[in-house]
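Novice:
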Amino acid sequence: MVGTWLLIFAGCASMIVNKNNDKVVTLAGIAFVWGFTVMVLIYSVGHISGAHFNPAVTIAFAASKNFPWKQVPAYIFSQVVGSTLSRLQGKVNSSDFRSSNNLLAKS
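Dropping the structure here:
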């Protein structure tokens, strides 16, 4: 769940930064952030989860008989929860959300 959270948070944050700052990150920069985040996650927590940061990876491993099918639902559930929590935090941190919500408006 933590790996998926970080992957979605970093990737989507790079797109928000690009949008809010006159496209300074560029498409290549956004692709680099996604790829670099995957690399960092594989090296740092890949030994814990087998680098299952995406439901497609989990299903592919199970289909190739490198991962037990009985664990697939739990992994996919954790990945969906991690990505959902990440996007909720990204939405709260986004200036678009703060400006449209009186409770979180900038001072």
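Using this note's numbering, the final residue of the sequence shown is 107, and nothing's skipped along the way.
Every residue gets a Cβ at the ideal spot worked out from N, C-alpha and C, and that includes glycine.
Just so it is clear, the structure is predicted and the values come from calculations on it, not from any experiment.
1. Thinking just about the alpha-carbon of each residue, which of Phe32, Asn20, Leu41 is nearest to the one in Leu6?
2. Is it a yes or a no for the region 69 to 83 touching the region 32 to 40, going by three-plus beta-carbon pairs under 8 Å?
3. Does the beta-carbon distance from Thr4 to Ser83 come in below 7 Å?
4. Could you have a look at Lys23 and say whether DSSP puts it in helix, strand or coil?
Specialist: Checking against the coordinates, here is how it stands:
1. The residue labelled residue 6 in the question sits at position 6 within the sequence shown. If we check each option's Cα against that of Leu6, Leu41 comes out closest.
2. no
3. Here residue 4 is taken as the residue at index 4 of the sequence shown, counted from 1. Here residue 83 is taken as the residue at index 83 of the sequence shown, counted from 1. Yes. Within cutoff.
4. Mapped onto the sequence shown, residue 23 falls at position 23. In this structure, Lys23 counts as coil in the three-state DSSP scheme.
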